[in-house]
Amino acid sequence: MIEYSVRIDLQAERNKHTNMVFSSGDNNAYRLNFSFYSYGKRVDVSGYTLTVKAKRSDGQVIIDSGVIDGQNAYYIVADNMYAKEGPVVFEVALVGQEASLVTSAVVHGEVREGFGDEGLDAEEVVPLVAKMVKAAVDAETAVHVANVAINRANEAAEGASSSAEFAQGVANDLTEAEAIRVAAEMQRDENEEQRIVAETLREQAESARKQAEEDREAVFAESSQNANAAADRANEAAEGIDGKIEDRIVQESGYQDDKIMSQKAVTGTLDRVYDDMSNRMSALEGDVDSCANAVKGSASGNVVAVDDVSPALHTVIANVTKETTGAVTVTRYGKNLLDINKVVQNGSNGIMKISGNAITLSPSSYSNNLYGINLTPALVATKIIKVGTRYTLSIGSLSAHADTNWGWRIMYTDDTETWLSNLSISFTPTKTIKGIFFYVGMPFTTDETIAIGNIQVEVGNKATSFEPYIAPVTYEAPGKVVEIESLAPNMTLMTDVEDAVINMTYNKDVNKVIERLTNAIISLGGNV
């Protein structure tokens with residue numbers, strides 16, 4: 015019996031192409047030995063059921079079950095699965111005790127035409143072993159005679175080959191030396207070209223630095239001018255109010271004696287108005303004074319996220335406070351921490367497709383498992399979710415979901431879990447998370463294809479406008495200070511140093527500074 019070993023990794027590509035070859039007409043001749051792995055560790059298959067489906071080149075589908083023997087899972091291939099020459103595809107499924115699918119893989123092999131009896135069709139398998147025995151015995155005798163002749167010829171050839179090998183070795187050494195000389199010459203030319211390019215880039219960088227400094231000074235001057243103008247308008251408004259208060263006091267002082275008590279009440283009210291306006295003016299002047307220094311920004315935390323980074327490219331300084339024995343690494347992300355291309359299907363029935371920033375789930379005809387997606391490989395496996403940090407999970411659009419059993423499912427390493435039936439949730443993990451899922455609550459047998467759009471995972475208390483995922487960049491420095499290239503307008507920093515605090519300094523977007531200052535003035539009752 016011919017045996018093939020097939021390794022199936024739960025996180026790997028579902029389609030697996032192999033060199034398995036089957037001959038049509040063979041009988042009970044092939045055994046497939048399966049081993050299942052999750053994150054590099056072999057899965058304990060005891061207590062599971064092995065199911066195998068085969069699809070022949072003529073479209074015929076055959077379903078059968080395999081054998082679980084302790085830690086071993088294998089399947090003796092049914093004869094009619096390879097009765098038709100051409101490609102053959104096996105779908106292998108491992109099912110738990112509660113009928114939950116652990117994994118599924120599609121394994122590709124090939125069926126070659128055997129030398130069967132004339133007139134056999136694709137569904138008939140006739141054992142030909144008895145007819146072939148006599149031919150095999152005759153062939154074995156002929157092979158023995160041929161082997162004797164070959165051994166004698168080999169003895170004669172050994173002497174000649176030794177001399178030929180020595181000559182060939184000398185020729186090979188000369189050829190290799192010439193190749194090394196040519197490669198060294200080409201490398202010298204390439205190094206010279208790279209030196210010229212580097213010098214040109216250095217000059218361009220110096221010119222860009224000078225221009226950026228001039229632009230920064232111009233923006234600073236403009237922001238200061240705008241702030242001073244806002245302060246002048248506020249002072250004019252305050253002076254007008256002071257004049258009105260004085261006029262009202264003079265008017266009230268001329269009232270008759272029987273209205274003196276009313277006059278005192280009005281005067282007290284006006285005094286409170288004046289005090290309130292004075293307090294507002296003090297707060298306003300503080301905002302105006304701070305505007306001139308609002309170009310620089312800072313933030314601190316184990317995970318740092320800001321949304322007002324200057325669009326002008328600059329260097330962000332990240333100071334990691336915790337002492338380490340080696341180099342410090344800091345990874346820069348955008349706002350959206352979810353790489354949609356690493357999201358996988360929860361279970362392997364049905365069809366999941368990723369297109370741009372959307373995921374579609376299509377029905378299957380042989381399962382009643384719930385539709386769902388698994389965000390774990392994209393978040394937990396890559397250590398993006400940190401204990402003690404506030405996160406928001408959100409979905410921009412969902413074409414349909416069931417009345418029950420839908421929403422977010424968060425699983426922890428202590429086997430507890432949380433279900434939340436909302437498109438957007440905010441949470442702060444207090445213990446280590448091992449899985450994050452989103453279910454739509456419908457079985458795979460539903461006729462409807464469901465679309466999930468604009469999935470976002472971000473740091474903060476609420477869902478904000480969707481931003482496509484930006485690939486992270488990791489920076490490393492021998493000390494505690496790491497220099498990072500800015501990313502505008504949203505930037506998130508993380509470090510693998512446990513319990514460390516990142517102190518971040520960056521340039522703010524001046525337009526956002528002015529906008530927020532304007533909103534503060536309006537909230538105080540002023541005009542801009």
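Sequence positions in the sequence shown follow the numbering used here and run 15 to 542. Each residue gets a CB set at the ideal place from its N, CA and C atoms; glycine is no exception.
- According to DSSP, residue pairing for residue 500 in a beta bridge does not occur.
- For residue 81, the closest alpha carbon among the candidates 45, 53 and 94 is that of 45.
- Sequence-distant Cβ neighbours of residue 350 in its own chain, meaning closer than 8 Å and more than five residues away, are 470, 471, 472, 480, 481, 482, 483 and 484.
- Residue 52 is not a Cβ neighbour of residue 65, given a cutoff of 7 Å.
- Under the 8 Å Cβ criterion, the segment 489-497 counts as touching the segment 318-334, having at least three qualifying pairs.
- Excluding residues up to 5 positions away in sequence, 404, 406 and 440 lie with their Cβ nearer than 8 Å to the Cβ of residue 475 in the same chain.
- Judged by their CB atoms, residue 106 and residue 29 are not nearer to each other than the 7 Å cut-off.
- Taking the C-beta atoms as reference points, residue 35 is found nearer than 7 Å to residue 124.
- Taking 8 Å as the upper bound for CB-CB distance, residue 518 and residue 313 are in contact here, some 5 Å apart.
- Sequence-distant Cβ neighbours of residue 492 in its own chain, meaning closer than 6 Å and more than five residues away, are 341.
- By a beta-carbon distance limit of 8 Å, residue 411 does not contact residue 477. Their separation comes to about 13 Å.
- Less than 7 Å divides the Cβ of residue 70 from the Cβ of residue 98.
- The Cβ atoms of residue 448 and residue 432 lie no closer than 7 Å to each other.
- For residue 46, there is no enclosing alpha helix (DSSP H); the residue is part of the beta strand (DSSP E) that begins and ends at 44-52.
- For residue 524, the enclosing alpha helix (DSSP H) has its first and last residue at 524-537.
- Residue 412 carries a strand assignment under DSSP once its states are collapsed to helix, strand and coil.
- By the criterion of a C-beta distance shorter than 7 Å, residue 418 is surrounded in its chain by 455, once the five residues flanking it on both sides are discounted.
- Its chain contains 345, 346 and 347 as the residues whose beta carbon lies nearer than 8 Å to that of residue 486, once the 5 sequence neighbours on both sides are disregarded; these appear in chain order.
- Between residue 67 and residue 322, the CB-CB gap reaches or exceeds 7 Å.
- Taking the CA atoms as reference points, residue 72 sits about 30 Å from residue 50.
- About 38 Å separates the beta carbon of residue 466 from that of residue 528, a gap too long to meet the 8 Å contact definition.
- When 463, 511, 118 and 21 are compared, the shortest CA-CA separation from residue 398 is found for 511.
- In the three-state DSSP reduction, residue 15 falls in the coil class, being neither helix nor strand.
- The beta carbon of residue 374 lies closer than 6 Å to those of 367, 463 and 465 in the same chain, with the five residues before and after it left out.
- Linking residue 93 to residue 16 through their CA atoms gives a straight-line distance of about 13 Å.
- Residue 110 is classed as exposed because its beta carbon has fewer than 16 other beta carbons within 10 Å across all chains shown.
- For residue 483, the three-state secondary structure derived from DSSP is coil.
- About 7 Å separates the Cβ atoms of residue 389 and residue 451, confirming a contact at the 8 Å cut-off.
- Annotation: residue 351 is outside any alpha helix (DSSP H) and is labelled neither H nor E by DSSP.
- Taking the C-beta atoms as reference points, residue 76 is found nearer than 7 Å to residue 95.
- The beta-carbon distance between residue 317 and residue 400, rounded to whole angstroms, is 5 Å. This is short enough to meet the 8 Å contact definition.
- Per the coordinates, the alpha-carbon of residue 227 lies some 55 Å from the alpha-carbon of residue 385.
- By the beta-carbon neighbour count (other beta carbons within 10 angstroms, threshold 16), residue 324 is buried.
- Straight across, the Cα-Cα distance linking residue 515 with residue 506 is about 13 Å.
- Counting the other Cβ atoms within 10 Å of the Cβ of residue 535 gives 16 or more, which makes it buried.
- When DSSP states are grouped into helix, strand and coil, residue 221 belongs to the helix group.
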